[in-house]
Amino acid sequence: MKIITTSITAFVLSTSPALGDSFMLLDTSGTVRPVQLTTLGSGVIEFIDSEDGFTTIPYDECIAFLRPTPHPLKINQPTVVLHDGQTFPGTIVVGPDEDRLRWQHEWIGQLDIPIDEIDRIILGASDTGTTSEMDSDMDVVRLRNGDVVEGFILELAPVLRIETGSEGGTRTLEIRHDRIVEIDLFGRNTPPSDPMVWTNDGTIVHFPDIGITPDGHLEFGDHVHAVESSPDDQSGPHLQMIHTISFGGSSIHPIGSLIIESIEGPETRSIVRPPHVTDPSAPFGLSPVELHGPVSVRYLLPDGSFRFRSTARMPDHATKWGDCGMNILVDGEQVHRCIFNSGQSEHSIDIGLSGGVLEITLDEGANGPVQDHIRFEYGMLLPTRPSTPRTFDESLEDPQ
Numbered sequence: 001m002k003i004i005t006t007s008i009t010a011f012v013l014s015t016s017p018a019l020g021d022s023f024m025l026l027d028t029s030g031t032v033r034p035v036q037l038t039t040l041g042s043g044v045i046e047f048i049d050s051e052d053g054f055t056t057i058p059y060d061e062c063i064a065f066l067r068p069t070p071h072p073l074k075i076n077q078p079t080v081v082l083h084d085g086q087t088f089p090g091t092i093v094v095g096p097d098e099d100r101l102r103w104q105h106e107w108i109g110q111l112d113i114p115i116d117e118i119d120r121i122i123l124g125a126s127d128t129g130t131t132s133e134m135d136s137d138m139d140v141v142r143l144r145n146g147d148v149v150e151g152f153i154l155e156l157a158p159v160l161r162i163e164t165g166s167e168g169g170t171r172t173l174e175i176r177h178d179r180i181v182e183i184d185l186f187g188r189n190t191p192p193s194d195p196m197v198w199t200n201d202g203t204i205v206h207f208p209d210i211g212i213t214p215d216g217h218l219e220f221g222d223h224v225h226a227v228e229s230s231p232d233d234q235s236g237p238h239l240q241m242i243h244t245i246s247f248g249g250s251s252i253h254p255i256g257s258l259i260i261e262s263i264e265g266p267e268t269r270s271i272v273r274p275p276h277v278t279d280p281s282a283p284f285g286l287s288p289v290e291l292h293g294p295v296s297v298r299y300l301l302p303d304g305s306f307r308f309r310s311t312a313r314m315p316d317h318a319t320k321w322g323d324c325g326m327n328i329l330v331d332g333e334q335v336h337r338c339i340f341n342s343g344q345s346e347h348s349i350d351i352g353l354s355g356g357v358l359e360i361t362l363d364e365g366a367n368g369p370v371q372d373h374i375r376f377e378y379g380m381l382l383p384t385r386p387s388t389p390r391t392f393d394e395s396l397e398d399p400q
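To convert, note that position 82 of the sequence shown is 82 in the numbering used here; the numbers rise steadily by one, no gaps.
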């Protein structure tokens, strides 16, 4: 029996917010549920679930802890972004090695980052209000006045030195940091590593070991690029300042991050709207995705076998006239169909799939193409793998 456990848990959840911090737990089954995170132990996680009470699961059963109401993050200070997605707001510090960037982060301390691991450095806003997006096999420096300089960066600090080529040969330019909007270094992105932590100040960081202090702060071991070892009593931000904690986010494929092969609509539509990713800053791209039909969107599937998990919902404002059918196909074969209207505005999707192309179509319903608007929440492809049964705190069970 779990009557006592549930009653105690309901009381704790409603009266003791200091005991844990509220997150949405995304586990390897694709289930998303509200919990209060209490402990990150040695390979195990403890949280309070309103149904199961104090619950313990191993790290490999948890994908991530997400905020119930996430907000897009805006960073208002210089930021360095690595090829693996780690992001550090802070400031440049003059270091001893021109092949590395010395960077000061508020709560991690000084970092010594090899230049070949850096994707870009954002130093300011453009005076023209825009920046140039371009593919290049060289390093690119975007200036505040809108000019773009391409070449090979020799040194980042105290001033940027870049070697550029022209018909007359090569020359080296020196550019002050206050003239620069962004430095985009040539290189390939690499997969992220877990565990990964997103904080409200815009930091995205991987630590091999993380935990929670008794007073609710993040504790962590030394970062691989830290200049000095962290003192034993050093703690990071409070859980209230943490946006997301990922233990397996690198293994999932959010729908919004899949490559779109094609988008098609009826001839009566002069403009066919592409899928709308509502929160581009969402951790590992797990943003809500909205489709406006009638439309057919084809996504390229990654290699492997997956389960497509999502909650598909017709927004409230669309239910008055909205009436449409949704079909999901893999390589042209239908694997799922459901109907949305005022009487049925939400469906849970949980289907296995593997193949080359995932196609999602919204068809006209009885009212025609009026307000055919569907929103996918927590839409993702989960790799197919077995799960380990959860364990519970036996001290909270009724004695037999």
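Built from N, CA and C at the ideal position, the CB exists for glycine as well.
In the DSSP assignment, what residue or residues form a beta bridge with residue i?
i, result
"valine 35", "Phe23, Asp49"
"arginine 120", "Val81, Asp184"
"isoleucine 108", "DSSP output for isoleucine 108 lists no bridge partner at all."
"phenylalanine 284", "DSSP, once it has assigned bridges, lists no residue as partnering phenylalanine 284."
"alanine 312", "His347, Phe376"
"aspartate 363", "Gly325"
"threonine 203", "Its beta-bridge partners do not exist; DSSP assigns none."
"asparagine 341", "Gln344"
"glutamate 174", "Arg161"
"isoleucine 92", "Trp103"
"proline 383", "Phe306"
How far does the beta strand (DSSP E) with residue i in it extend, from its first residue to its last?
i, result
"tryptophan 321", "Note, tryptophan 321: premise wrong, no beta strand (DSSP E); not H, not E."
"methionine 241", "Per DSSP, methionine 241 belongs to no beta strand (DSSP E) and is neither H nor E."
"glycine 151", "148-155"
"methionine 196", "196-199"
"serine 262", "260-264"
"arginine 298", "295-300"
"glycine 165", "160-166"
"phenylalanine 88", "87-89"
"phenylalanine 247", "No beta strand (DSSP E) holds phenylalanine 247; DSSP gives it neither H nor E."
"valine 140", "139-143"
"glutamate 219", "218-220"
"glutamate 290", "289-292"
Is residue i helix, strand or coil when you go by DSSP?
i, result
"glutamate 333", "strand"
"glutamate 61", "helix"
"proline 208", "coil"
"glycine 325", "strand"
"isoleucine 75", "coil"
"arginine 307", "strand"
"glycine 129", "In this prediction, glycine 129 scores a pLDDT of 46, lower than 50, which makes its location untrustworthy; no coordinate-derived value is stated."
"isoleucine 252", "coil"
"arginine 179", "helix"
"isoleucine 113", "strand"
Sort the options by Cα distance to residue i and report the nearest one.
i, options, result
"aspartate 60", "Pro96, Leu111, Phe247", "Phe247"
"asparagine 327", "Phe340, Ala318, Ser305, Gly187", "Phe340"
"threonine 268", "Pro294, Ser281, Gly249", "Pro294"
"alanine 285", "Asp137, Asp350, Ser257, His217", "The displayed chain sequence assigns glycine, not alanine, to residue 285. Comparing Cα-Cα distances from glycine 285 to each of Asp137, Asp350, Ser257, His217, the minimum goes to Ser257."
"glutamine 240", "His177, Leu66, Ser50, Ile57", "Leu66"
"glycine 304", "Glu333, Ser270, Pro383, Ile252", "Pro383"
"glycine 30", "Ile108, Glu155, Thr311", "Thr311"
"leucine 25", "Gly322, Thr244, Leu185, Glu155", "Thr244"
"isoleucine 374", "Leu301, Val227, Ile92, Thr278", "Thr278"
"histidine 336", "Pro274, Ser348, Trp321", "Ser348"
"glycine 165", "Glu150, His292, Arg100", "Glu150"
"leucine 300", "Glu261, Arg273, Trp103, Glu333", "Glu261"
"isoleucine 263", "Ser250, Val205, Arg176, Leu291", "Leu291"
"alanine 226", "His206, Gly216, Asp215, His217", "His206"
"glycine 43", "Gly53, Ile57, Ser50, Asp316", "Ile57"
"serine 229", "Pro283, Gln110, Cys338, Gly355", "Gln110"
Can you list, in chain order, the residues of its chain whose CB lies under 7 Å from that of residue i, leaving out five sequence neighbours each side?
i, result
"arginine 179", "Leu143, Arg144"
"methionine 314", "Gly322, Phe340, Ser345, His373, Ile374"
"glutamate 117", "Leu82, His83"
"aspartate 353", "The amino acid occupying residue 353 in the given sequence is leucine; aspartate does not appear at that position. Within the same chain, leucine 353 has close Cβ partners Phe306, Phe308, Val330, Val335."
"leucine 40", "Ile210, Gly211, Ile212"
"glycine 85", "Pro192, Ile204"
So, for residue i: in the same chain, excluding its five sequence neighbours on each side, which residues have a beta-carbon less than 6 Å away from its beta-carbon?
i, result
"isoleucine 3", "Summary for isoleucine 3: the model assigns pLDDT 31, below 50, so the residue's position carries little reliability; its value from the coordinates is reported in the next sentence. No residues qualify anywhere along the chain."
"proline 369", "Pro294"
"glutamate 219", "Gly211, Thr213, Ser235"
"valine 32", "Met24, Leu26, Tyr378"
"glycine 365", "Asp323, Cys324"
Within the same chain, show all residues whose beta-carbon is closer than 8 Å to that of residue i, passing over the 5 residues directly before and after it, in chain order.
i, result
"aspartate 201", "Ile75, Pro89, Glu106, Pro237, Met241"
"isoleucine 124", "Residue identity check: residue 124 is glycine in the sequence provided, not isoleucine. The residues are Pro78, Arg144, Asp178, Ile180, Val181."
"asparagine 367", "Trp321, Gly322, Asp323"
"isoleucine 115", "Asp99, Arg100, Leu101, Ile153, Leu156, Leu185"
"methionine 380", "Gly30, Ile252, His253, Pro254, Ile255, Leu286, Phe308, Arg309, Ser310"
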